[in-house]
Structures are given as structure tokens and as C-alpha cells.
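Participant: This structure is in C-alpha cells; I'll ask about it shortly.
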Amino acid sequence: TPHRSWILTPADRAILDAPFPDIAIACGRRMAAPLATLKRRAGARTFAIFLQSPHMRLSAFDLVVAPAHDRLCGPNVVETLGAPNALTAESLRADAAIWRPRWSDLPRPWIALLVGGDSGAHRLPPDRARAIGQAAAAAAGALGGALLVATSRRTSRAAAAALAETTAHATGVFWDGDGENPYRGLLALADAVIVTADSVSMASEAATAGKPVYLAAVEGRATRHRRFHDNLIAHGHARLFQGEATPFAAPPLNEAE
215 TPHRSWILTP
225 ADRAILDAPF
235 PDIAIACGRR
245 MAAPLATLKR
255 RAGARTFAIF
265 LQSPHMRLSA
275 FDLVVAPAHD
285 RLCGPNVVET
295 LGAPNALTAE
305 SLRADAAIWR
315 PRWSDLPRPW
325 IALLVGGDSG
335 AHRLPPDRAR
345 AIGQAAAAAA
355 GALGGALLVA
365 TSRRTSRAAA
375 AALAETTAHA
385 TGVFWDGDGE
395 NPYRGLLALA
405 DAVIVTADSV
415 SMASEAATAG
425 KPVYLAAVEG
435 RATRHRRFHD
445 NLIAHGHARL
455 FQGEATPFAA
465 PPLNEAE
């Protein structure tokens, strides 16, 4: 029985008919079967590229681009360390120009805290959020700098409230979803970035921006995430957050290129 998310409507199926594209790219488990169907119908006419693990036979595609922590093996597999993303040096310069004047009165270094939340493998309860916020505020304070906090859509209201309470005394910025999102400004301008360990994408984007990354533990364990963190650390992009966030030299990670 096929997974229900793979069942296509007549309109969906029409998209998979001729004329076929030269190149077709899909991403995410739900799109694996449609891309495989397109490839099967188009044959050599279409070069099919799948991003991430398709959770099906790899030979259904011409190229699979997957993170190393998925441990896929095959002649058509290209491994990446982190998640490819749209950040570029040019876009980061543009974001820096927008946000630098707004934070110009804050003392340096600027320590960003990027907060995820609950997922299939992890939890960020208020107590853990409070502990991370307290440690991050202390780390920024010890450096004489500012703490710039941004929550995400996965951050629960209770966790965001705990963070706001425990970082209220810190010099800096707190964004909980209201007003303009400073996320890209933080990536462009932070001197170091603390990222909750539930998020592959935020850690990858911080590393792409060339920022030293500190990984803050949350509740739960995921083997794939642990392998991802180990790889980031081994390649000099990240360290575990253990109460200090001193900036260090980190090579930029450009997986999209």
C-alpha cells in the first residue's frame, strides 16, 4: 500500500506527463515518489535530482544529494556536511547593511541565540529553555557583549516566555515572532551563534554564514542529529555549548556551491 502522501490527484499526474523537463529537482520524502514516477516515464530525457534521503531505492534517480549523517551509499550519491541553503556572501552583506544601524548601540561581541523547539526527536520544555537562556545571557555578559535572541515557529509559547524571562536582564534583543524577523541579520552580524541542537537547518545556515557555532543541548536524542553535530565539530564549524561562547575562527560552509 503506498503512503497516503504519495497518492496523486489527476492534476498532479498531468504534471508528470510529457513534455518532460531536461532537469527535475525534488526535496523531502513526500516528493520522492512523484520524482521517481517522472523519471520512470521520461527515461533519459530527464535528469532527476533528489535532495535529502528519499527513503526508497536510490537507483530511481540520477543523482541523490544527501547529508553525510544519513549515511547513504551509492554511485549516484553526493554527500553534504550540512543542509544546502540560499545564503550567499552578497545576501549577507545586504542583511548586515539593514540591521547593523539598528543595533549599533549594543556592545560587542554580539552573541546570537537561535532557538528551535519540539520535533519528532527532540523537546524544548520551558525549564530547558530557561537554562539555555540563562547560560547564554551569562556567556554574553562574561564577554562584555550583547545577547540577540530569535525564537522560531517551533518554539512553544511556554518556552519563549521562559526565555524572555530569563534573558530580560541581558543587554541585547529578543524576538519572539512579533515585528520584523531579524534572523538573517543575526546570521550576518553575530560574532558567535548558539543554536539549539534540534535544528539542522539553523546550525547549517550559521555555519554557511561563517559564524562559530555553539550547539546547545535539548531533551531527546537522535542518532542522525548526533552524527551531524559530530561532523560539524570535526570540521571546525562548531563546538558544544557549555556555558561560554567565545568567538573562534570557523571556516564558512557552502554546501549549495
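Take any residue in the sequence shown, note its place counting from 1, add 214, and you have its number in the numbering used here.
We put the beta carbon where it would ideally sit given N, CA and C, even for glycine.
No experiment lies behind these values; they were computed from the predicted model shown.
#1: What did DSSP end up calling L377 once you bin it into helix, strand or coil?
#2: Could you round the C-beta distance between L272 and N290 to whole angstroms and report it? I think they count as a contact, below 8 Å.
#3: Kindly identify the DSSP beta-bridge partner or partners of W324.
#4: Give every residue of the same chain whose Cβ lies closer than 6 Å to the Cβ of D481, excluding the five residues on either side of it in the sequence, and list them in chain order.
#5: Cβ of L400 within 7 Å of Cβ of A364?
#6: Terminal residues of the continuous beta strand (DSSP E) containing A452?
#7: Determine, using beta carbons only, whether L230 and A240 come nearer to each other than 7 Å.
#8: So which of V427, A384, I408 and R398 has the shortest CA-CA distance to A351?
#9: What's the C-alpha gap between R218 and R244?
#10: Here's the rule: buried if 16 or more other CB atoms are within 10 angstroms of the residue's CB, otherwise exposed. What is G347?
#11: Using a Cβ-Cβ cutoff of less than 7 Å, which residues in the same chain neighbour G434 once the five nearest sequence positions on both sides are dropped?
#12: Mind reading off the beta-carbon distance from P268 to F275? Whole number of angstroms is fine, and I expect it under 8 Å.
#13: Can you tell which of N445, K253 and A464 has its C-alpha closest to the C-alpha of A420?
#14: Can the beta-carbon of A282 be found closer than 7 Å to that of L295?
#15: What span of residues does the alpha helix (DSSP H) with G399 cover, start to end?
#16: Can you tell me whether I263 is buried or exposed, with buried defined as 16 or more other CB within 10 angstroms of its CB?
#17: Go through its chain and collect everything with a Cβ distance to G330's Cβ below 6 Å, but skip five positions before and after it.
#18: Report the residue from A256, L361 and R285 whose alpha carbon sits nearest the alpha carbon of R440.
#19: Here's the rule: buried if 16 or more other CB atoms are within 10 angstroms of the residue's CB, otherwise exposed. What is A373?
#20: Residue range of the beta strand (DSSP E) that F442 falls in?
#21: Alpha carbon to alpha carbon, what distance is there between R259 and P216?
#22: Excluding the 5 residues preceding and the 5 following D309 in the sequence, name in chain order all residues of the same chain whose CB lies nearer than 6 Å to its CB.
#23: Can you tell me where the alpha helix (DSSP H) with L249 in it begins and where it stops?
#24: Are the Cβ atoms of A349 and G457 separated by less than 7 Å?
#25: Taking its Cβ as the centre, do 16 or more other Cβ atoms sit within 10 Å of A247, making it buried, or is it exposed?
#26: In the structure shown, what three-state DSSP assignment does P466 receive?
Facilitator: In terms of the structure at hand:
#1: Residue state for L377 is assigned as helix, using DSSP reduced to three classes.
#2: Indeed they touch by this definition, with Cβ atoms about 6 Å apart.
#3: In the DSSP output, where bridge partners are listed per residue, W324 has A360.
#4: Residue 481 is absent from the model: the chain starts at 215 and stops at 471.
#5: Annotated as proximal: L400 and A364, with beta-carbon spacing under 7 Å.
#6: A452 to L454 is the extent of the beta strand (DSSP E) around A452.
#7: Not a contact, by the Cβ cut-off of 7 Å.
#8: Distance from the Cα of A351 is smallest, within the candidate group V427, A384, I408 and R398, for A384.
#9: Model confidence at R218 stands at a pLDDT of 49, short of 50, so the residue's coordinates are unreliable; what they give is reported in the following sentence. Their backbone Cα atoms lie some 9 Å apart in a straight line.
#10: So G347 counts as buried.
#11: Excluding residues within five positions, the ones whose Cβ falls inside 7 Å are A335, H336 and R337.
#12: Indeed, because the Cβ distance is near 7 Å, the residues count as touching under 8 Å.
#13: Distances from the alpha-carbon of A420 to those of N445, K253 and A464 put A464 closest.
#14: The Cβ atoms of A282 and L295 sit closer than 7 Å to each other.
#15: It spans Y397 to L403 - the alpha helix (DSSP H) in which G399 sits, taken as one unbroken run.
#16: I263 counts as buried, since no fewer than 16 other beta carbons sit within 10 angstroms of its beta carbon.
#17: Here the set comprises S366, R368, T410, D412 and S413.
#18: For R440, the closest C-alpha among the options A256, L361 and R285 is that of R285.
#19: Its Cβ being crowded by 16 or more others within 10 Å, A373 is buried.
#20: Here F442 belongs to no beta strand (DSSP E); instead the alpha helix (DSSP H) covers T437 to A448.
#21: Confidence at P216 is low in this model, with a pLDDT of 44, below 50, so its placement is unreliable and the value that follows should be read with caution. Annotation: P216 to R259 spans about 26 Å, alpha carbon to alpha carbon.
#22: Taken in chain order, the residues that qualify are R398, G399 and A402.
#23: Start and end: A246 to A256.
#24: For the pair A349 and G457, the CB atoms are nearer than the 7 Å cut-off.
#25: A247 comes out buried.
#26: Of the three classes helix, strand and coil, the one that applies to P466 here is coil, per DSSP.
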